[in-house]
Amino acid sequence: MTSANPTRVIAIARSWLGTPYHDQASLRGVGCDCLGLARGIWRDVVGPEPFPIPPYSRDWGETGPREVLAEGARSMMVEESPAEAGPGALVLFRMKPRAIAKHVGILTGPDTFLHAYERLGVIEEPLTQFWRRRIAFAFLFPQR
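Following this line, the structure appears as structure tokens:
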């Protein structure tokens, strides 16, 4: 599977900047959460979503036997090592020890990323150590 051009992925991701936060939504300029942002980028980069997303909890501390987000991404995207992830990669964050990965962002540079954050909407910010050490998985969007 060939990966999409990272410059294109980043340009599309940045077109979502300023979109308000709205749980389980995925409409540029109207509202989205972090997964909705990734879904919207997918639609612009790859095409129609391959399957409907069932309702999900907002609990970043959720534990469980399965990495549901990672499994879904793995079935459609090119997985890479988080240490190797570069601009254009979709990264999944594990926000609490022993919790499953529940937050999604897009790397926009070696030290920046874009994500949808409650109360702030879609923002681009520094990839500080706080965020960097929480990256659990990394994936590349496939080329259409």
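At position 144 of the sequence shown the residue is numbered 144 (full-length UniProt numbering), and the sequence of numbers has no breaks.
All residues carry an ideal CB built from backbone N, CA and C; glycine is no exception.
Computed from a prediction, not measured in an experiment: that's the story for all the values here.
#1: Per DSSP, which residues does residue 117 bridge with? Please list them.
#2: Would you mind reading off the limits of the beta strand (DSSP E) that contains residue 2?
#3: What do you reckon, are the CB atoms on residue 80 and residue 37 nearer than 8 Å?
#4: How should residue 83 be labelled, buried or exposed, when 16 other C-beta atoms within 10 angstroms of its C-beta is the threshold for buried?
#5: Inspect the CB distances between the segment 31-45 and the segment 4-18 and report whether three or more fall short of 8 Å.
#6: Going by CA-CA distance only, name the one from 6, 142, 28 and 107 that's closest to residue 76.
In short:
#1: 121
#2: Note, residue 2: premise wrong, no beta strand (DSSP E); not H, not E.
#3: no
#4: Burial call: exposed.
#5: yes
#6: 142
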